[in-house]
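Numbered per my numbering, the sequence shown finishes at 1546, counting up by one with no gaps.
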Amino acid sequence: MYKIFNNTKDDHEVETDLLDLTAKFDAKKILILTGQNSFSESEAENFLITELKDKYTKANFYSDFENNPKIEDLTQAIQKLRSKDIELIIACGGGSVIDFAKLLKVYLYDAGSILDFPSKYKNPSKSQISMIAIPTTAGTGSEATHFSVLYDNKKKYSIASDHMLPDYSILNSSICLNASLKIKSSCVIDAFSQAIESFWSVGANLESIKFAEKAIHLINKHIDNFHINHKDENVMSDILLGAHYSGKAINISKTTAPHALSYSITSFFGIPHGHAVGMTLGEFFIINEQLASMNAVNCRDLSSHMLQMKSLRELLGWGDCISCNDKWKSIMKNLGLNMQIKLNGGQEGVINRLADSVNTERLSNNPISLTRENIIKLYLNIIS
Ligand SMILES: [Fe+2]
């Protein structure tokens, strides 16, 4: 699959190629942003060389930042790149590469607004740079969202601005095939979780539900055999498109409790993002239905919420809420994603620290309010 989407228009696919698209921006100076190893290990480098021709050799390149970029990575990149008069960024990589490109898109020529981050920080309000995002993993859907992540002293900050949305996304399944099954599994679970969470989220609307449905359909049809068929390009095409739609869905609705609980699992235990989200997601089929009559329903009245959960279960075709949780666990198992973290003591202290660091903004987007007791129970399920 090779598809190009204009992100600024609703689900708008365009008939062009990367070279023509680049010409359309008439950019004198292009920055190609990539990951450090993933770029040459995947087919991505060959793809860009073939497509961009002499524009590739004349471009500026940058990959000097870490997987979960820190404020220091951003200020260093700004210092090194701001004299280069960049007009177009082509970001080719996983979620962190595309997220970092979005930050440069808004801060490269407005560095002052990031100097006092996070104390006097405001979300960016302009951008002078265009951007094309080319994901090399099928997972985050970051190429279709207006959010990014920045770490300061190990604390994770979400940055949101309409100006960070990449202008175009290029989905090329052949450059996503080479990653390991471990990486692909975590990515596909991230995409699937985002679509499911978007469907039940407080922020959902008709448009986000339409994108979430497309994502769920595309991913669900391959998920049972993904561990066997992950090198099949037709399968990867559907997963990549599904991940893109999951990005479009959360770009409107945002994510919910499984994402809120996942960030501390990743920072405490180094578990990859999608894997960490998947560790608790299954339980939310039960929580979001069974706690609905006891805890506050955040989004709509109880009966509309229950109908929404029923529609989701029908879309997935996995039976009642208990069966959905069982099915989710079997998907995680098939993909080799462990659901348990084993500690050598100190479990209570660790769980309290995890509960203290839950992302409250994402938590408030869950359709059912969770108490601290509910959260501790969820962590106890996965930590022993
Ligand atoms: Fe995610």
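Glycine included, C-beta positions come from ideal geometry on N, C-alpha and C.
Ala1306 lies in the beta strand (DSSP E); which residues open and close that run? No beta strand (DSSP E) contains Ala1306, which DSSP labels as neither H nor E.
Looking at the structure shown, is Val1512 part of a helix, part of a strand, or coil, going by DSSP? helix
Could you name the residues whose beta carbon sits closer than 7 Å to any heavy atom belonging to ligand 1, keeping them in chain order? Thr1302, Asp1352, Ser1355, Gln1356, Thr1417, His1421, His1435, Gly1436 and Val1439
Which term fits Phe1262, buried or exposed, when burial requires 16 or more other beta carbons within 10 angstroms of its beta carbon? buried
Bounding residues of the alpha helix (DSSP H) (the contiguous stretch that carries Cys1483): Cys1483 to Asn1496
Spell out the partners DSSP gives Pro1297 in its beta bridges. Gly1255
Would you be able to state if there are at least three C-beta pairs under 8 Å between the stretch 1320 to 1332 and the stretch 1352 to 1366? no
C-alpha distance - Ser1275 paired with Lys1284, whole-angstrom precision: 7 Å
For Ala1185 versus Glu1249, is the C-beta distance shorter than 9 Å? no
Report buried or exposed for Thr1280, applying the criterion of at least 16 other Cβ atoms within 10 angstroms of its Cβ. The amino acid occupying residue 1280 in the given sequence is Pro; Thr does not appear at that position. It counts as exposed.
Should Leu1266 and Leu1193 be called a contact, given that it needs their Cβ atoms to be closer than 9 Å? yes
Member of Gly1409, Val1439 and Phe1431 whose CA lies at the smallest distance from the CA of Ala1422: Val1439
Taking the alpha helix (DSSP H) that Ser1348 falls in, what are its first and last residues? Leu1343 to Trp1362
Can you tell me whether DSSP reads Asp1261 as helix, strand or coil? helix
With a Cβ-Cβ cutoff of 9 Å, do Leu1343 and His1392 count as a contact? yes
The beta strand (DSSP E) enclosing Asn1322, as first and last residue numbers: It is worth fixing the name first, because residue 1322 is Ala in this sequence and not Asn. Run containing Ala1322: Lys1317 to Ala1322, per the beta strand (DSSP E) assignment.
For Asn1161, does the count of other Cβ atoms within 10 angstroms reach 16, so buried, or fall short, so exposed? Any answer about residue 1161 is impossible in this case: the structure gives the chain only from 1163 up to 1546.
In the DSSP output, which residue or residues are listed as bridge partners for Leu1312? Tyr1319
For Glu1249, name the three-state secondary structure that DSSP assigns. coil
Between Ala1458 and Ser1399, what straight-line distance do the alpha-carbon atoms span, to the nearest angstrom? 40 Å
For Met1501, I'd like the list of residues in its chain whose CB is within less than 7 Å of its CB, leaving aside the five on either flank, ordered along the chain. Met1441, Lys1491, Met1494 and Ile1544
Is it true that the stretch 1408 to 1422 meets the stretch 1520 to 1536, where meeting means three or more beta-carbon pairs spaced less than 8 Å apart? yes
Our contact map puts Leu1499 next to His1389 with C-beta atoms below 8 Å; I'd like the distance itself, whole angstroms only. That belief does not hold up - the Cβ atoms of Leu1499 and His1389 are roughly 10 Å apart, past 8 Å.
Residues sharing a beta bridge with Phe1223, DSSP: Ile1194
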